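Q:
In the working numbering, the protein residues as written are 60 to 562.
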């Protein structure tokens, strides 16, 4: 933009290539106003009839999320529409979830005797996968074949990436297996998507197999793949392997630093997380908003209040990062967990953003930890307005009331849940043993080896008691004897999963 201003000052007119480059530079939502200004310049300077400029204009409007303007420019092209223009519009509609409109446009494209290419099909495949319609995406791949377009690694990676984005991890693994059955070799983008999926499922054994594949195929040199490996290992709890991969990355991108810091945050290793952040600054890397979410999470989980305030101030003053809800939520959680409940409430009341459910939810959880009923009820009232059907908030209040032996209030909350038809979320734990994943449900579904698991668990708890262990029955929300409460504690899904692993 500055160069364009200088050109105008010295009397030079930008040509079509310059304008196209400018449009590409402003193709992001926050720069839409600039994009429209350049569009006006195009019209005033009669650059409207250049095909490259017009298709770049469409692409700019699509990427800024301004589909009506993209459609207007597209329709004004009349018979001059080329395949790039068609693909840009179809891409925008698919990304926005307007998949029927995207398919209708492809049909119209064919009627106008322009044959859809691999990019056209892949836009639709990616759209269906991203919006959770995996079966439809796979059907689109089959349709590609029937229309003489051979699905490539890009097509399959689009489905895998889409499944990853919408949390459809199980389907993603099936897609990867199907992709291999089709004889398609994965590329770095495929492997990166797969590793993120394995990390979210904590499938460490499978993740290590993919790591071996990366080493054999020299993909480990790709920083994007290496960062995905760090992410997989941290989410699977193997911080040693994550650290080995991380320090082996030659040119570490900011994302890899963020993954490593967040990994230490997840497991409460505050000193290690802060040490990585310090090394990042020493290396001359510029921390971004995600970096500060990661480092504030380190402070939150390790109750490093002084450091947390220091980084929160540094973020704004030195690096110009505007606080987001995620940053503020970390601060509230950090103060609350550390017992500074009044300070946490003051922060909420003075924070630059309107407190949402994550803020009040973090505060409510802290009030439960410190058994502060008065402040908990302040948060509870706010959450009842913001998300009246979130079962987690009800369960937190039930937990707090039961800890304080206020059984009438426990029943009152339960009655309110029934009246509001609030359904408690399904809870389960799982453990991977070799190639099998064993799931333990909180709703009483039996495991085939249930008898052996409970026998081993009773033995384990008995040995623990001899060493001084006293079961904490405060989390049992029923009024009964200590023996009855201890028995209920035995059914916790994490205990069952860990015991099965020990067996």
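Glycine residues also receive a C-beta, built at the ideal position from the N, C-alpha and C atoms. The structure presented is a predicted model; accordingly, all values stated were derived computationally and were not measured.
Just how far apart, CA to CA, sit residue 490 and residue 153?
A: Taking the straight line joining both Cα atoms gives about 37 Å.
Q: How far does the beta strand (DSSP E) with residue 498 in it extend, from its first residue to its last?
A: First-last of the beta strand (DSSP E) with residue 498: 495 to 500.
Q: Go through its chain and collect everything with a Cβ distance to residue 213's Cβ below 6 Å, but skip five positions before and after it.
A: For residue 213, where only same-chain residues beyond five positions count, the Cβ hits under 6 Å are 181.
Q: My parser needs the beta strand (DSSP E) runs of 3 or more residues fully inside the segment 224 to 289; what are they?
A: List check, beta strand (DSSP E) in window: nothing returned.
Q: Could you please give the first and the last residue of the uninterrupted beta strand (DSSP E) stretch that includes residue 488?
A: Unbroken beta strand (DSSP E) run through residue 488: 487 to 492.
Q: Which first and last residues belong to the alpha helix (DSSP H) in which residue 406 is found?
A: Where residue 406 is concerned, the enclosing alpha helix (DSSP H) stretches over 400 to 409.
Q: For residue 136, name the three-state secondary structure that DSSP assigns.
A: Coil at residue 136, not helix or strand.
Q: Taking residue 531 as the reference, which of 359, 537, 522, 544 has the closest Cα?
A: It is 544 whose Cα lies nearest to the Cα of residue 531.
Q: Could you spell out the range, first to last residue, of the alpha helix (DSSP H) harbouring residue 448?
A: Residue 448 -> no alpha helix (DSSP H), and no H or E assigned at all.
Q: If you draw a straight line from the alpha carbon of residue 456 to that of residue 195, how long is it in whole angstroms?
A: Spanning the two alpha carbons is a distance of roughly 42 Å.
Q: Comparing alpha-carbon positions, which option in 285, 327, 431, 225 lies nearest residue 316?
A: Nearest C-alpha to residue 316: 285.
Q: So is residue 528 buried or exposed if we call it buried at 16+ other beta carbons inside 10 Å?
A: Residue 528 should be labelled exposed.
Q: If contact is defined by three or more beta carbon pairs under 8 Å, each pair taking one atom from either stretch, is the segment 74 to 82 in contact with the segment 98 to 117?
A: Yes, the segment 98 to 117 is in contact with the segment 74 to 82.
Q: If we define contact as Cβ-Cβ less than 8 Å, is residue 159 a contact residue for chain C?
A: This model lacks chain C altogether, as it is built from one protein chain only.
Q: Sorted by chain position, which residues of the same chain lie with C-beta nearer than 8 Å to residue 412's C-beta, five sequence neighbours on each side aside?
A: Only 382, 383, 384, 387 meet the Cβ criterion.
Q: Mind checking which residues open and close the alpha helix (DSSP H) that includes residue 386?
A: Looking at the DSSP string, the run of the alpha helix (DSSP H) that includes residue 386 is 384 to 396.
Q: Would you mind working out which of 380, 447, 340 sits nearest residue 352, comparing C-alpha positions?
A: Comparing Cα positions, the closest option is 380.
Q: Using only alpha-carbon positions, find the residue among 362, 231, 220 that is nearest to residue 391.
A: Comparing Cα-Cα distances from residue 391 to each of 362, 231, 220, the minimum goes to 362.
Q: Quick one: complete alpha helix (DSSP H) runs, 4+ long, within the segment 414 to 486?
A: DSSP runs (the alpha helix (DSSP H)) wholly in the segment 414 to 486: 416 to 428, 432 to 445, 450 to 462, 466 to 479.
Q: Are residue 429 and residue 394 close, meaning C-beta to C-beta below 8 Å?
A: Not a contact, by the Cβ cut-off of 8 Å.
Q: Sort 220, 292, 291, 287 by Cα distance to residue 311 and report the nearest one.
A: The residue with the shortest Cα to Cα distance from residue 311 is 287.
Q: Let me know the secondary structure DSSP gives residue 209 once reduced to three states.
A: Coil, per DSSP.
Q: Measure the alpha-carbon distance for residue 480 versus residue 143 and round it to whole angstroms.
A: Cα to Cα, residue 480 sits roughly 50 Å from residue 143.
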